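**Student:** Chains as they are written, first to last, in the working numbering: chain P, 4 to 251; chain S, 12 to 100.
1) Taking DSSP as the reference, what is the three-state secondary structure of residue 5(P)?
2) Give the secondary structure of residue 73(S) by DSSP, where H, G and I count as helix, E and B as strand, and everything else as coil.
3) Could you name the residues of the same chain whose beta carbon sits closer than 7 Å to that of residue 36(P), not counting the 5 residues immediately before and after it, in chain order?
4) Quick test of the definition: if touching needs 3 or more C-beta pairs under 8 Å, does the region 86–99 of chain S touch the region 132–146 of chain P?
5) Sorted by chain position, which residues of the same chain lie with C-beta nearer than 7 Å to residue 65(P)'s C-beta, five sequence neighbours on each side aside?
6) Mind the definition here: the region 121–128 of chain P touches the region 67–77 of chain P only if three or more C-beta pairs lie below 8 Å; say whether that holds.
7) Taking Cβ-Cβ distances shorter than 8 Å, what residues in chain P pair up with residue 44(S)?
8) Please report whether the beta-carbon of residue 107(P) lies at a distance below 9 Å from any beta-carbon of chain S.
9) Buried or exposed: which applies to residue 263(P), given that a residue is buried once 16 or more other Cβ atoms fall within 10 Å of its Cβ?
10) Is residue 134(P) helix, strand or coil by DSSP?
11) Closest to residue 154(P) by CA distance: which of 220(P), 192(P), 33(P), 91(P) is it?
12) Go through its chain and collect everything with a Cβ distance to residue 98(S)'s Cβ below 8 Å, but skip five positions before and after it.
13) If you follow the alpha helix (DSSP H) that residue 219(P) is in, where does it begin and where does it stop?
14) Tell me whether the region 79–87 of chain P and the region 41–51 of chain P touch, counting them as touching only if at least three CB pairs, one residue from each stretch, are closer than 8 Å.
15) Identify the continuous beta strand (DSSP E) that holds residue 148(P) and give its terminal residues.
16) If the cut is a Cβ gap below 9 Å, which residues of chain S does residue 245(P) touch?
17) Within 9 Å of any Cβ in chain P, is that where the Cβ of residue 2(S) sits?
18) Residue range of the alpha helix (DSSP H) that residue 170(P) falls in?
19) Please confirm whether residue 114(P) has its beta-carbon closer than 9 Å to some beta-carbon of chain S.
20) For residue 190(P), which three-state DSSP category applies?
21) By the criterion of Cβ-Cβ separation under 9 Å, what are the contact partners of residue 150(P) in chain S?
22) Suppose you measure from the CA of residue 113(P) to the CA of residue 200(P); what does that come to, to the nearest Å?
23) The alpha helix (DSSP H) that contains residue 31(P), what's its start and end?
24) Rounded to the nearest angstrom, how far is the Cβ of residue 211(P) from that of residue 117(P), given a contact under 8 Å?
25) Beta-carbon within less than 7 Å of residue 234(P)'s beta-carbon, same chain only, minus the 5 sequence neighbours each way: which residues are those?
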């Protein structure tokens, strides 16, 4: 089994989140090689954690006025505001028997190659349990996992050059009247790569790609047209619907 | 009565429990930035709390929560019991 790197394709947030289920299912069924996939988005969006309450996390009126897609993920964890070109998101689809059964340990393991890649471009980052990639100035990224019978999905979003004031308008952590919850979140400040390194976003993705390829003998791969079509269908049925996104 | 309570797990996640109660607990809603495997077990955790009397002991809640076939990640049954009892205060 050769590990693959899929570095192509721009999709809407509902299709991106739908692809996560499609590709995890395919890996689970033995129809996909272990893969790393980079995401490219076409508009700003919020990726909501699976168990989060929509109205607790998102400035509901603001996202409606600005047509910002809010899409509930398959994975738990916290809400992320994402913008094309300003974040780096990637996913790992792996066989369960190649990942530590200890979930806390598996976050550290599966983040390590990325931490090494970021250090190679000059970023002082480290894994911070449970699921953060941290810089001395704040949180640079976070990961989330989903496990099926045979597969592990591990996906990570990191801030390259995120518009923090906009993030604070979109997510309720920016509200002046802060709850305990918001204080906790805001304390975990977001750190951006561009505040610390000169490397372009493409350079960072190159470093991630080459580190992963070296470590896991990975070869370029691609998404099948059938997988993309299935994701578009699931986006229409689920990830683009209020019934899923606003269920909580 | 309807009420909710939030628990910040040290070095972990945030849990919010919303519930209604009269002499027993009904309509539990568990939300937050935690992880749960399988994700569908959220409904079973809520069901484990529903039907408990309003004067339920912490230990009883923990036992009911631990009886659910779920992996709680970033929190444990004690935190969920804490949030439930706080929502009943």
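Glycine residues also receive a C-beta, built at the ideal position from the N, C-alpha and C atoms.
Computed from a prediction, not measured in an experiment: that's the story for all the values here.
**Tutor:** In this structure, then:
1) Sequence index remark: in the first chain, residue 5(P) carries index 2 (1-based). Three-state result, residue 5(P): coil.
2) Working through the second chain from its first residue, we reach residue 73(S) at position 62. The answer is helix: DSSP assigns residue 73(S) an H, G or I state.
3) Against the first chain, residue 36(P) aligns to sequence position 33. Same-chain partners within the cutoff: 4, 5, 6, 7, 224.
4) no
5) Reading the first chain from its first residue, position 62 is the one you call residue 65(P). 172, 173.
6) no
7) Here residue 44(S) refers to the residue found at position 33 of the second chain. Result: 52, 54, 55, 79, 80, 81, 82.
8) Against the first chain, residue 107(P) aligns to sequence position 104. So yes, residue 107(P) belongs to the interface.
9) This structure leaves residue 263(P) out entirely; chain P is present only between 4 and 251.
10) The residue you call residue 134(P) lines up with position 131 of the first chain. Here residue 134(P) sits in coil by DSSP.
11) Walking along the first chain from the start, residue 154(P) turns up at place 151. If we check each option's Cα against that of residue 154(P), 33(P) comes out closest.
12) Counting from one through the second chain, the residue named residue 98(S) turns up at place 87. For residue 98(S), where only same-chain residues beyond five positions count, the Cβ hits under 8 Å are 14, 15, 16, 28, 29, 30.
13) Counting from 1 along the first chain, the entry for residue 219(P) is found at position 216. Where residue 219(P) is concerned, the enclosing alpha helix (DSSP H) stretches over 204–219.
14) yes
15) The residue given as residue 148(P) occupies position 145 in the first chain. Where residue 148(P) is concerned, the enclosing beta strand (DSSP E) stretches over 141–150.
16) Taking the first chain and counting its residues from 1, one reaches residue 245(P) at position 242. Neighbours of residue 245(P) on chain S: none; closest Cβ ~17 Å, over 9 Å.
17) A question about residue 2(S) goes unanswered here, because the residues of chain S that appear run from 12 up to 100.
18) The count along the first chain starts at 1 and reaches residue 170(P) at position 167. Where residue 170(P) is concerned, the enclosing alpha helix (DSSP H) stretches over 167–173.
19) What you label residue 114(P) is simply residue 111 of the first chain in a count that begins at 1. Not an interface residue.
20) Translated into the one-based positions of the first chain, residue 190(P) becomes position 187. Note on residue 190(P): pLDDT 47, under 50, position unreliable in the model; the coordinate value appears next. The answer is helix: DSSP assigns residue 190(P) an H, G or I state.
21) Here residue 150(P) refers to the residue found at position 147 when the first chain is read from its first residue. Under the 9 Å cutoff, chain S gives 48, 49, 82.
22) In the first chain, residue 113(P) corresponds to position 110, counting from 1. In the first chain, residue 200(P) corresponds to position 197, counting from 1. Rounded to the nearest angstrom, the two C-alpha atoms are 23 Å apart.
23) As a working note, residue 31(P) is residue 28 in the first chain. Residues 16–31.
24) Taking the first residue of the first chain as position 1, residue 211(P) is located at position 208. Taking the first residue of the first chain as position 1, residue 117(P) is located at position 114. Residue 211(P) to residue 117(P), Cβ: 6 Å. Contact.
25) By 1-based counting over the first chain, the position of residue 234(P) is 231. Counting only Cβ-Cβ distances below 7 Å, and skipping sequence neighbours, we find 18, 21, 22, 25.
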